[in-house]
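Trainee:
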Amino acid sequence: MLAYHDSGVEAECVFREGERTLFNIMSTGYGSDTGERGFAVWSRRPGVLGAIDTGVTRLEVTDADGDVVRAAIVAHTFAVDVDLGPVPRTVDEVFAPWESPELTVRVYGEGDALRYEGPLLTA
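At position 30 of the sequence shown (counting the first as 1) the number is 78 in our numbering, and the numbers step up by one without a gap.
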């Protein structure tokens with residue numbers, strides 16, 4: 049679950065069966081600028097979650113197999129379920145170097161105009 053407020057407050061809550069609920073709230077937002085690409089990534093597990101800029105009407109990700117996955121967009125936030133590889137299971141795996149899969153994102157604005165096309169995840 050993602051939350052956005054025009055005041056700048058942003059939050060995410062991750063529910064996983066059999067695990068504790070993860071809750072992050074950022075009173076001044078995640079500090080991610082959505083202006084240039086039309087979106088900003090807040091979290092990469094599970095899936096990819098984040099914020100979208102005003103005027104973004106659609107966000108699609110092409111996964112490693114070439115399949116196009118459309119993001120769910122609600123109240124300036126998006127979530128897209130794409131395969132990012134094995135989920136880290138230990139603390140060592142969480143902090144180990146990780147190379148993200150090559151995923152392409154397409155962000156559309158009003159009139160279905162392509163606003164941005166490029167890598168979903170950047171360093």
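Note that CB positions come from ideal geometry on N, CA and C, so glycine has one too.
Note that the coordinates shown come from a computational prediction; the quantities given were computed from them, not determined experimentally.
Would you give the residue range spanned by the alpha helix (DSSP H) that F63 belongs to?
Mentor: That residue, F63, is in no alpha helix (DSSP H); it is neither H nor E in DSSP.
Trainee: Using only the alpha-carbon positions, how far apart do P134 and P167 sit?
Mentor: Going from the Cα of P134 to the Cα of P167 covers about 20 Å.
Trainee: Between Y86 and V104, how many whole angstroms is the CB-CB distance? I'm expecting something under 8 Å.
Mentor: Just to set this straight, residue 86 is Gly in the shown sequence, not Tyr. Rounded, the Cβ-Cβ distance is 5 Å, consistent with contact.
Trainee: Per the DSSP calculation, G95 is bridged to which residue(s)?
Mentor: DSSP lists no partner for G95.
Trainee: Between which two residues does the alpha helix (DSSP H) carrying V139 extend?
Mentor: Taken as a continuous stretch (DSSP letters only), the alpha helix (DSSP H) holding V139 covers V139 to F143.
Trainee: Classify T125 as buried or exposed, calling it buried when 16 or more other Cβ atoms lie within 10 Å of its own Cβ.
Mentor: So T125 ends up on the buried side.
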